[in-house]
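Q: Structure below; questions to follow.
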Amino acid sequence: MSRPLDAIFFDIDDTLFSTSVFADKARRAAVDAMIAAGLRATREDCFRELTEVVGEFSSNFGAHFDKVVQRLPVGASTGLNREILIASGVVAYHETKWRELKVYDDVYEVLRWLSARPGLVRGIISAGIGIKQAEKVIRLRIYEFLTPNAIYFTEQVGINKPNPKLYRRVLQDLGLSAERCMYVGDNPVNDIDPAAEVGMITAHNRRSGRHSEEEGRRKPDYVIRNFYELRDLLRGEFGFG
Ligand SMILES: [Mg+2]
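Reading the sequence shown from the start, the letters are residues 121 to 361 in the numbering used here.
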């Protein structure tokens, strides 16, 4: 007997694509570009400052490269236009973003497969700044596979992960029953614990990212390492054809 499933919700970062690898590549490209524009620092020193700035001011802070220039010894930018240095970093970062921001092949294939299933709600519950998370959905080219009214960003909802109210609110909003909905995420504490707490079926994606080996309070119902495993699970346990 297969279990009924009305909806699947996905986390974005480190679930649909490797945020960690992507951010690392983009930041290295930015550092290289600033040095190419004349910044007198080694790649290592510059990258270390940038990593510290991201850690201290958060990844959503809007002026990472300004802070890097500010923190390096004064001699690093003497005689150079600071805004030009910063713009070099910003442009390289965004160019890398355009080029590298892609879902894994299996993610694309399985989302497309899911979108062909009549009546299944395919949603997003993602933490972060609305416009930044929305930009990822568009750049990743997966919007066409999602249910338009089932996309939730915490900034817009006003409730952040790991508050279980976030997940409860989404279910209420869409008139869904928790036990017939699945949440797929990489973070045991932010994704699995609260989704399990409201009664959703949970799938822990342990593919990549810094949270993939952490343990939460609750055991996920399923553990997957890629979306082909998700497809197998949906076929095996939920009767998907
Ligand atoms: Mg995540």
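Note that beta-carbon positions come from the ideal geometry of N, C-alpha and C, so glycine has one too.
For ligand 1, enumerate in chain order all residues having a CB closer than 6 Å to any of its heavy atoms.
A: Answer in sequence order: D131, D133, D134, T135, G305, D306 and N307.
Q: Using beta-carbon positions only, say whether R338 and A316 come within less than 9 Å of one another.
A: Position 218 of the sequence shown, counted from the first residue, corresponds to residue 338. Position 196 of the sequence shown, counted from the first residue, corresponds to residue 316. Contact: yes.
Q: I need the boundaries of the beta strand (DSSP E) containing F130, first residue and last residue.
A: For this step, residue 130 is matched to residue 10 along the sequence shown. Start and end: A127 to F130.
Q: Is it true that the region 199 to 216 meets the region 149 to 165, where meeting means three or more beta-carbon pairs spaced less than 8 Å apart?
A: Yes, the region 199 to 216 is in contact with the region 149 to 165.
Q: So what does DSSP say about N269, is it helix, strand or coil?
A: Against the sequence shown, residue 269 aligns to sequence position 149. In this structure, N269 counts as helix in the three-state DSSP scheme.
Q: With burial defined as no fewer than 16 other Cβ atoms inside 10 Å of the residue's Cβ, what is the status of M121: buried or exposed?
A: What you label residue 121 is simply residue 1 of the sequence shown in a count that begins at 1. Answer is exposed; the Cβ neighbour count stays below 16.
Q: Under 8 Å Cβ to Cβ from R345, same chain only, skipping five residues before and after it: list those, please.
A: In the sequence shown, counting from the first residue as 1, residue 345 sits at position 225. These residues qualify, in order along the chain: N325, R326 and R327.
Q: Please tell me whether A196 and A153 are closer than 9 Å, where the distance is taken between their beta carbons.
A: Numbered from its first residue, the sequence shown carries residue 196 at position 76. Numbered from its first residue, the sequence shown carries residue 153 at position 33. Their beta carbons are not under 9 Å apart, which means A196 does not touch A153 by this criterion.
Q: Is the region 252 to 260 in contact with the region 282 to 297, if contact means three or more CB pairs nearer than 8 Å?
A: Flag = no, the region 252 to 260 and the region 282 to 297 do not touch.
Q: Can you tell me which residues form a DSSP beta bridge with V188?
A: Position 68 of the sequence shown, counted from the start, is the residue given in the question as residue 188. For V188, which the question treats as bridged, DSSP gives no partner whatsoever.
Q: Please list the terminal residues of the continuous beta strand (DSSP E) segment that includes S140.
A: By one-based count along the sequence shown, residue 140 stands at place 20. No beta strand (DSSP E) holds S140; the alpha helix (DSSP H) holding it covers T139 to A156.
Q: Going by DSSP in three states, T198 sits in which element: helix, strand or coil?
A: What you label residue 198 is simply residue 78 of the sequence shown in a count that begins at 1. Of the three classes helix, strand and coil, the one that applies to T198 here is coil, per DSSP.
Q: Should I312 and A270 be called a contact, given that it needs their Cβ atoms to be closer than 9 Å?
A: What you label residue 312 is simply residue 192 of the sequence shown in a count that begins at 1. What you label residue 270 is simply residue 150 of the sequence shown in a count that begins at 1. In this structure, A270 does not lie closer than 9 Å to I312 by Cβ.
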